[in-house]
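Take a look at the structure below.
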Amino acid sequence: MRKFIFILLSFASIQLAGAQKHMYFGLFAGLTNYKGDLGSSLSLQKPNGVGGFSMLFELNHRMLIRAEFNYGKLHGADGFSSKTRLRNLDFSSKISEAALQFEYVLFDLYEYKCSPYVFAGVGTFKFSPYTKDQKGNTILLAEQSTEGQGFYQDRKAYKLQQICIPFGGGLQWALSSRKRLALEIGIRKTNTDYLDDVSTTYIDQNLLSQKKGGTASNIAFRGDEIAGGNSYPAEGTIRGNPDNKDWYLFSGLSYRFSLQPRLRHKRFVYKAKTAKTSCPSLF
């Protein structure tokens, strides 16, 4: 993460040195969602907050390079879906993300007051799934090796920093020559299936207890904690789907502003008196 942030800052410094008149700063606030092995296909029942900041460098009227950092929280639970309710697993995780993206604005915001836009890029993120036991104690799931990571067959311990591919789109409004407002939905495709600590199959309960202790076997399956629940499944029973990686989403508002109005070339100045007041037609 530090190396990736250093690269972003180095890129920003280069841009500042040679293209100050085309730079925006952005503040972002919104909600998070998660798609993985716990609960429904897309967890919308309990969204959490996310906030961040960005630096944007104009290449021309409609193309920008965006460097950003976001920090938020994810949550997923079997209780949100009738199909998985009796398994009774859940997780939460704080997540910090740094990303470099290309942004394309469909219509010139120096000529129009609003325009759709799309973006895509590459990023890295840190996470650490955790849950609460019946006494309310916080349990870090990666340390429990709930699927035998590190000692069972060829399963390796998963890393808590991974790569993601952010992409999405939204709508931007030009508030003035220096200010913009953006509403966006951003999807993150990850390269891990352990964002929620669930991926493959159950291992033998006694082996898990022997290697990692009773806490690990207690939280690897929690169906026995609820009425009508079952006992710990047999070794090899499906616990998750390793063929589908986990995803997460950031949706919200971004306020963007420039601190260098006097340095901006006239072709990059918003024409408030002549700008078209409605969004351009796509057809």
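By the numbering used here, the letter at position 76 of the sequence shown is numbered 78, and the numbering carries on one by one without gaps.
The C-beta atom is built at its ideal place from N, Cα and C for all residues, glycine as well.
Distance from the CA atom of Thr-86 to the CA atom of Leu-108, rounded to whole angstroms, is 42 Å. Between the C-alpha atoms of Pro-118 and Glu-99 there is a straight-line separation of about 24 Å. Residue burial is scored here from C-beta neighbours: Gly-74 has at least 16 other C-beta atoms within 10 angstroms and is therefore classed as buried. The beta carbon of Asp-226 lies closer than 6 Å to those of Ser-233 in the same chain, with the five residues before and after it left out.
For Lys-134, the uninterrupted beta strand (DSSP E) segment begins and ends at 132-134. Counting the other CB atoms within 10 Å of its CB gives Gly-38 a total of 16 or more, which places it among the buried residues. Under the three-state reduction of DSSP, Thr-239 is assigned to coil, being neither helix nor strand. Between Phe-30 and Gly-53, the C-beta gap is smaller than 8 Å, which places the two residues in contact. Contact fails between the stretch 120-127 and the stretch 206-222, because fewer than three Cβ pairs, one in each stretch, are under 8 Å apart.
Judged by beta-carbon spacing, Arg-258 lies within the 8 Å limit of Lys-181, meaning their Cβ atoms are closer than that value. Bridge partners of Ser-94 according to DSSP: His-77, Tyr-132. Within the model, the alpha-carbon separation for Arg-241 versus Pro-49 is close to 24 Å. Burial state of Met-57 is buried, judged by a 10 Å Cβ sphere holding 16 or more other Cβ atoms.
In this model, Tyr-114 and Tyr-160 are separated by some 47 Å (Cα to Cα). The Cβ-Cβ distance between Lys-191 and Ile-228 does not fall below 8 Å.
Between Gly-41 and Ala-79, the C-beta spacing is below 8 Å.
Shortest Cα-Cα distance from Gly-170 to any of Pro-131, Leu-185, Gly-81 involves Leu-185. For Leu-185, the enclosing beta strand (DSSP E) starts and ends at 181-192.
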